[in-house]
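These notes concern the structure reproduced below.
2 protein chains.
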Amino acid sequence: MTSPAFGHEVLAAVLGIRDGRLRVLLWERARDPDRGRWALPGGGLRADEDVETSVRRQLAEKVDVREVAHVEQLSVFSDPDRTPGPRTIATAFLGLVPSDADPVLPADTAWHPVDALPPTAFDHAAIAASARDRLRAKLSYTNLGFALAPREFTISGLREHYVAALGHPVSATNLQRVLTRRDLLAPTGETAPSGRAGGRPAAVFRFTDRTLRVTDAFAVLRPPAQAGTAS
Amino acid sequence: MTSPAFGHEVLAAVLGIRDGRLRVLLWERARDPDRGRWALPGGGLRADEDVETSVRRQLAEKVDVREVAHVEQLSVFSDPDRTPGPRTIATAFLGLVPSDADPVLPADTAWHPVDALPPTAFDHAAIAASARDRLRAKLSYTNLGFALAPREFTISGLREHYVAALGHPVSATNLQRVLTRRDLLAPTGETAPSGRAGGRPAAVFRFTDRTLRVTDAFAVLRPPAQAGTAS
DNA sequence: TCAAAAGTGTTGGTGCTACACCCATGG
DNA sequence: CCATGGGTGTAGCACCAACACTTTTGA
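Protein sequences, first through last, are from chains A and B. Okay, so the first sequence: first residue is 1 according to full-length UniProt numbering, each after it adds one. Okay, so the second sequence: first residue is 1 according to full-length UniProt numbering, each after it adds one.
Next comes the structure, spelled out in structure tokens:
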């Protein structure tokens, strides 16, 4: 059991919709190695914390943690040569920040389009891509939209978030019906003022639930009966 | 960047259907700590390998690797006190062995029902539970059955595998239709002899594909068109 | 009164579950 | 020819995408 020891870092791909695009939070490295390239926030794991605690601590230094609506583990990146110098293993996380949260960012930190990244440090581009893919997959069978959208929104506003995140057209009509059928949306009773060009004012909604819920589990091999689930 | 270094181990929850139950491969610890308790196979990460390479190497010592039909990463277990002694972080994997593979096992190693584990070492019970849950979820929206079932099987034989893995009844009629509709099954043309009590001989099938395929992605927010996918 | 934007009604199609029925074998 | 188990036909339901239509606003 005398196995070697390795450095361990925690990295977070924090995604959010900003200016109509799906973006990831990156900071520009001021020092070698990879000076001038853009990196994911994160850093070394401390002796007294587990990786979940660590990622939240590290994010708190970039973003007010209360603004991060969802955090989940992606996977381990462990190529021996993934970084120069002493070997470091990384546990990668996906974080999501709603678009009405506008955290004050340090000067070296900015949101970059996840589909058009600037030159990135180490293997961080692969981590960002894996975060993007995880988000896209989960949007379609969970209520994860709550972590991208603002607290309150109109259906067409929500639709734009889904379009930006998924990268393909989404029908507002059917989006509303799917989310309503599954009881994910609740009307607030308010309406949003119509724009400069007129038009009927939109009803305002919020998500009924702001924690992750799988809505399509066991689509095929569903456990029998479960009477009462449909409400 | 002078963060501390930690031991890193790789652990595999190898699941398979044995004697009609979903079981996990465990070995009995002969030494303290946790002597006499049952542990998942695995061990320290070497300096020149990544975690995926490592888990396959470690499994080769217990099971002929060619018999492991599927391996995937679960998550990191990193509680500072998860093991006594110097801190060790674990990357946990799910491995699946088809029921027609019968690897020769070392004397200290045995298959145990995953829903009725013997006393387990460290946090290994939680890892086994997370492997079981991952398997159950993926069975319902992927072709992952190929990694549990034998190479060739009858529908009712396959049904028993799903029942054992999921823990709830599954209809053979509908199982066949669902898997056929998605082109996951191919008839071999052979039939299996009927049992002592008679009955029509069953047709023999195999999975068309023996690598993981997601069959239900984007059930809700499906990308538009994709002409020709249905074939 | 017209254009714009939001929201609802409706229709046709697909996939799924349940159940009834037919098929092939051993005794 | 009967019991046993395998396999298919089909009816009804739920869900869903597309599209036409109605509603409510600003100019």
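Positions of the beta carbon are idealized from the N, C-alpha and C atoms, including for glycine.
In chain A, what lies closer than 7 Å to T91 of chain B by C-beta?
Within 7 Å Cβ-Cβ: V76.
Alpha carbon to alpha carbon, what distance is there between N174 of chain B and T53 of chain A?
Looking at the two C-alpha atoms, the distance is approximately 45 Å.
On the three-state DSSP scale, how would you describe A125 of chain B?
helix
Using CA coordinates, which residue listed in B:R46, B:R21 and B:F146 is at the minimum distance from T208 of chain B?
B:F146
I'd like the list of long-range same chain contacts for I17 of chain B, defined as Cβ closer than 6 Å, with 5 residues on each side in sequence excluded.
S99, L148, H161 and A164
Using a Cβ-Cβ distance under 8 Å, would Q73 of chain B count as near chain A?
For Q73 of chain B, the closest Cβ of chain A is nearer than 8 Å.
Using a C-beta to C-beta distance shorter than 8 Å, which residues of chain A count as neighbours of P80 of chain B?
A47, D48, E49 and D50
Please report the residue range of the beta strand (DSSP E) in which L25 of chain A lies.
R21 to E28
Any chain B beta carbon closer than 8 Å to A13 of chain A
no
For T188 of chain A, which residues of its own chain have a beta-carbon under 7 Å away from its beta-carbon, when the five flanking residues on both sides are left out?
E152, V204, F205 and R206
What does the Cβ neighbour count give for T91 of chain B, buried or exposed, with the cut at 16 atoms within 10 Å?
Counting Cβ neighbours within 10 Å, T91 of chain B comes out buried, since at least 16 surround it.
Just grab the DSSP bridge partners of E72 of chain A for me.
A:L94
In chain order, what residues of the same chain have a beta carbon less than 7 Å from the beta carbon of A186 of chain B, not counting five sequence neighbours either side?
F205, R206 and T208
Whose C-beta lies closer than 8 Å to the C-beta of P80 of chain B among residues of the same chain, with five residues either side of it excluded?
R87
Does the beta carbon of H8 of chain A sit closer than 8 Å to a beta carbon anywhere in chain B?
Residue-level contact by beta carbon holds for H8 of chain A and chain B, with a gap shorter than 8 Å.
One question on the structure: do L184 of chain A and L166 of chain A come within less than 8 Å of each other, judged by their Cβ atoms?
no
With burial defined as no fewer than 16 other Cβ atoms inside 10 Å of the residue's Cβ, what is the status of S171 of chain A: buried or exposed?
exposed
Are the CB atoms of A12 of chain A and L26 of chain A within a distance shorter than 8 Å?
no
Which of the three DSSP states, helix, strand or coil, is assigned to A12 of chain B?
strand
Return the CA-CA distance between R82 of chain A and L15 of chain B, expressed in angstroms with no decimal places.
31 Å
7 Å Cβ shell around E9 of chain B - same chain, five flanking residues per side excluded
G42, G43, G44, L45, T88 and A90
What does P33 of chain A touch in chain B if you count any residue whose Cβ is under 8 Å from its own?
Neighbours of P33 of chain A in chain B, taken as residues whose beta carbon is under 8 Å from its own, are absent, since the nearest beta carbon is some 10 Å off.
Could you check whether the Cβ of S99 of chain A sits closer than 8 Å to any Cβ belonging to chain B?
no
Cβ distance (whole Å) where T154 of chain B is taken to contact A192 of chain B below 8 Å:
5 Å
Quick one: give me the first and last residue of the beta strand (DSSP E) that V204 of chain B is part of.
A202 to F207
Output the distance between the C-alpha atoms of H168 of chain A and A137 of chain A, rounded to the nearest integer angstrom.
13 Å
Using the beta-carbon of each residue, which ones in chain A are nearer than 9 Å to A210 of chain B?
Residue 210 of chain B is actually Arg in this sequence, not Ala. What R210 of chain B touches in chain A: nothing, since even the nearest Cβ is about 19 Å away.
Taking just the CA atoms, how far does P113 of chain B sit from A131 of chain B?
13 Å
Taking only beta-carbon atoms, is A5 of chain B less than 8 Å away from chain A?
Yes, because at least one Cβ of chain A sits closer than 8 Å to the Cβ of A5 of chain B.
Is it the case that the Cβ atoms of P84 of chain A and P4 of chain A are separated by a distance below 8 Å?
no
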